[in-house]
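Undergrad: Take 37 as the starting number for the sequence shown in my numbering and just add one per residue. C-beta: ideal position from N, C-alpha, C; glycine also.
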Amino acid sequence: MTAVKFKEYSLWCVYVLSVMIDKENAICMIIELYAAMAQAEIEKKEKHQREGSDVKKNRGEWDDYGCPAIMSQKEFLEHYEKVLSGELRPFELMKQIGIN
37 MTAVKFKEYS LWCVYVLSVM IDKENAICMI IELYAAMAQA EIEKKEKHQR EGSDVKKNRG
97 EWDDYGCPAI MSQKEFLEHY EKVLSGELRP FELMKQIGIN
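Following this line, the structure appears as structure tokens:
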């Protein structure tokens with residue numbers, strides 16, 4: 037259903053409901069309908085994202101997912117050890133590796 041047709045349909049529903057029951061209840065029912073449809077769209081989107089992630093994992097392409105890493109884990113551990121030992125302060129390290 038297109039957005040234009042949906043709008044026409046929802047206006048028709050408001051009219052029919054307002055004839056059958058009072059306008060305030062009709063408007064509340066339409067708001068509830070919109071909320072339910074929005075929730076269904078969110079759930080559908082989340083399901084598709086989850087399926088896409090699962091497919092990527094199964095293909096072995098999961099390492100490409102998300103933002104690219106700034107450094108390898110090995111490099112990170114080396115820098116982290118320097119911070120823990122007090123050799124470098126966290127903000128100094130951030131400047132060195134280019135993190136704002």
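Leaving out the 5 sequence neighbours to the left and right, which residues in its chain are closer than 8 Å to Met130 when beta-carbon positions are compared?
TA: Asn136
Undergrad: Taking the alpha-carbon positions, what's the Val91 to Lys118 distance?
TA: 39 Å
Undergrad: Going by the beta-carbon positions, is the gap between Ile106 and Ile133 smaller than 8 Å?
TA: yes
Undergrad: Straight-line CA distance for Ser46 to Glu82?
TA: 26 Å
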